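The listed protein sequences derive, respectively, from chains V and A.
Residue numbering for the first sequence follows our numbering, starting at 1 and increasing by one per position.
Residue numbering for the second sequence follows our numbering, starting at 1 and increasing by one per position.
Ideal Cβ positions, reconstructed from N, Cα and C, are used throughout, including at glycine.
Bear in mind the structure is a predicted one, so any value in this text is a computation, not a measurement.
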Amino acid sequence: GENVEQHPSTLSVQEGDSAVIKCTYSDSASNYFPWYKQELGKRPQLIIDIRSNVGEKKDQRIAVTLNKTAKHFSLHITETQPEDSAVYFCAATVYGNNRLAFGKGNQVVVIP
Amino acid sequence: KAGVTQTPRYLIKTRGQQVTLSCSPISGHRSVSWYQQTPGQGLQFLFEYFSETQRNKGNFPGRFSGRQFSNSRSEMNVSTLELGDSALYLCASSPDGLGNAGYTFGSGTRLTVV
């Protein structure tokens with residue numbers, strides 16, 4: 001089945017710097033790649049997503065890039081703020097299975 | 001528009017008991033997926049229901065089961081609870097469950113097995 005891996009598992013950044021989280025996936029037929037943010041004690045929330053026919057998508061301080069050839073996609077957060085501290089999950093569709101396979105999560109800590 | 005509602009929020013059960021969790025999706029959403037979240041393991045897929053039919057099932061033992069009603073509300077049941085079943089159980093709602101419209105998660109049910 002689909003295997004989604006996230007790197008690094010933990011990332012600490014100074015406030016104002018940029019953070020980048022990379023995910024790799026195994027199923028070349030995956031066509032939808034969302035990112036979820038989960039703050040402590042809260043539900044995962046969709047923050048940005050990208051489809052396989054697009055290479056990059058931006059929404060204010062966050063962006064996602066997709067490299068279908070290498071089968072990886074990345075989340076970019078610019079001008080990080082303390083409220084960006086959370087666990088971020090990437091996911092990819094499992095072809096024909098009507099579901100998302102999630103990575104194990106990445107803890108981002110923004111140091112004031 | 002109401003979000004995804006999961007009840008109860010917290011549960012404490014003893015080994016060997018069974019438990020039923022409930023999930024009400026966003027109005028108009030027909031797909032409900034269930035995930036188990038544990039520290040270090042991320043979100044593990046349990047099963048997905050669409051129009052009262054289970055379409056997909058993850059790699060969990062038969063003690064984990066579910067169903068969906070005609071109003072799209074879903075329940076999951078865990079029988080003969082084990083300590084390792086302690087986790088946050090999340091359900092996710094989507095219009096069609098094809099994974100390309102994004103999931104909206106509920107707040108989860110925190111199950112503790114003692």
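**Prompt:** Would the segment 90 to 107 of chain A and the segment 33 to 44 of chain V be scored as touching if the rule is three or more Cβ pairs under 8 Å?
**Reply:** yes
**Request:** Go ahead and label E79(V) buried or exposed: buried means 16 or more other beta carbons lie within 10 angstroms of its beta carbon, across all protein chains shown.
**Result:** exposed
**Request:** Check the DSSP bridge columns for F34(V) and list the partner residues they point to.
**Result:** Reading off the sequence shown, one finds Pro at residue 34(V), where the question assumed Phe. Its beta-bridge partners are D49(V).
**Prompt:** Is the segment 91 to 104 of chain V touching the segment 31 to 47 of chain A in the sense that three or more CB pairs, one from each, lie closer than 8 Å?
**Reply:** yes
**Message:** Quick check on the DSSP output: the beta strand (DSSP E) that includes Y35(A) runs from which residue to which?
**Reply:** 31 to 38
**Prompt:** Using 8 Å as the threshold, is the segment 23 to 41 of chain V in touch with the segment 82 to 94 of chain V, meaning 3 or more CB pairs across them?
**Reply:** yes
**Request:** Kindly list, in the order they appear in chain A, the residues whose Cβ is closer than 9 Å to that of T93(V).
**Result:** L98, G99, N100
**Within chain V, partners of F105(A) - CB distance below 9 Å** = Y36, Q38, R43, P44, Q45, L46
**Prompt:** Helix, strand or coil: which one does DSSP assign to G55(V)?
**Reply:** coil
**Asked** Does L66(V) come within less than 8 Å of chain A when only Cβ atoms are used?
**Response** no
**Message:** Between which residues of its own chain and T112(A) is the CB-CB distance below 6 Å, once the five residues before and five after are set aside?
**Reply:** I12, S86
**Message:** Suppose you measure from the CA of V109(V) to the CA of R63(A); what does that come to, to the nearest Å?
**Reply:** 37 Å
**Asked** What do you reckon, are the CB atoms on S74(V) and V20(V) nearer than 8 Å?
**Response** yes
**Per DSSP, cross-strand counterpart(s) of G66(A)** = M76(A)
**Message:** 8 Å is my cut-off, CB to CB: does K16(V) come that close to chain A?
**Reply:** Lys is not the amino acid found at residue 16(V); the sequence shown has Gly there. Cβ-Cβ to chain A under 8 Å: no for G16(V).
**Asked** Mapping DSSP to helix, strand and coil, what is G84(A)?
**Response** helix
**Prompt:** Cα separation between P8(A) and T109(A)?
**Reply:** 6 Å
**Asked** So, is G16(V) buried or exposed, given that buried needs 16 or more other C-beta atoms within 10 angstroms?
**Response** exposed
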